[in-house]
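Residue numbers (my numbering): 27 to 178. Where a beta carbon is used, it is the ideal one built from N, C-alpha and C, also for glycine. Below: one structure, written as C-alpha cells.
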Amino acid sequence: MIVFDLKCSGGHVFEAWFGSSAAWEEQRAAGLVACPICGNGEVAKAVMAPNVGAKGNSRTAAPATAPSGEAPPPEVVKAAMEMIASAQTKMLETSQWVGTAFTDKARAMHLGDEPAAQIHGQATPEQAQELVEEGVPVAPLLVPVVPPERCN
Numbered sequence: 027m028i029v030f031d032l033k034c035s036g037g038h039v040f041e042a043w044f045g046s047s048a049a050w051e052e053q054r055a056a057g058l059v060a061c062p063i064c065g066n067g068e069v070a071k072a073v074m075a076p077n078v079g080a081k082g083n084s085r086t087a088a089p090a091t092a093p094s095g096e097a098p099p100p101e102v103v104k105a106a107m108e109m110i111a112s113a114q115t116k117m118l119e120t121s122q123w124v125g126t127a128f129t130d131k132a133r134a135m136h137l138g139d140e141p142a143a144q145i146h147g148q149a150t151p152e153q154a155q156e157l158v159e160e161g162v163p164v165a166p167l168l169v170p171v172v173p174p175e176r177c178n
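Spelled out as C-alpha cells, the structure:
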C-alpha cells in the first residue's frame, strides 16, 4: 500500500491509500477518485512533507484538538483516517465484491429479484446517482478499494 496526500480543485487536502502508484493513476484516470469532503473529482497529488521525526528534546507535543474554527492538526486527521480505514476494512470482511455488476446487483436486491446481501463494487457517479434517485440505499466507500483482481 502507498499513501498519498491529495488535493481537490476546491482546495481540500486529504489522505488516500492505493495499492501502488500505478493504481492511483488508473483510478484517477477512470474518475474513481473524488474528494471525500465535497465530492469534487478534480483531484491531484498534494505536496507532501517527509515524516522526519524531531529531536526528542526539541519540541513540545502538539495539542490533541484544534481551537474552535480552525482545522484539526494533521496528526488528528491522520488518526481519524486510519480509524475510518480500519472500520471500513472490518466491514468489507462480510461484504461481497461484485465489481462492475454493482449497479445491477444493488437494483435487483432492492426490487426483491435477488436476496439481500452486503455487497461492494464499482459504479460511476452517474450510476450511483440513478440508484439514489430510485431509492436504492447505497453509499460511497470513504477509502478507495483495490479490486481483488488487481491485488498481488
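Could you pull the DSSP bridge partners for residue i from this structure?
i    : result
G147 : G125
A70  : K33
I28  : F44
V162 : Beta-bridge pairing links V162 to no other residue.
V172 : Answer is none; V172 lacks a bridge partner.
V39  : K33
Could you spell out where the alpha helix (DSSP H) holding residue i opens and where it closes?
i    : result
E51  : S47 to A55
V103 : P100 to L118
Using only the alpha-carbon positions, how far apart do residue i and residue j sit?
i    : j    : result
C64  : A55  : 19 Å
M117 : P100 : 25 Å
W123 : A149 : 12 Å
D130 : E96  : 43 Å
A134 : P173 : 22 Å
S46  : P170 : 12 Å
G138 : I145 : 15 Å
P141 : E152 : 25 Å
Q155 : E119 : 26 Å
W50  : A132 : 26 Å
N66  : E41  : 15 Å
E68  : P62  : 12 Å
Check whether the region 27 to 38 touches the region 146 to 160, counting contact only when three or more Cβ pairs, one atom from each stretch, lie closer than 8 Å.
no
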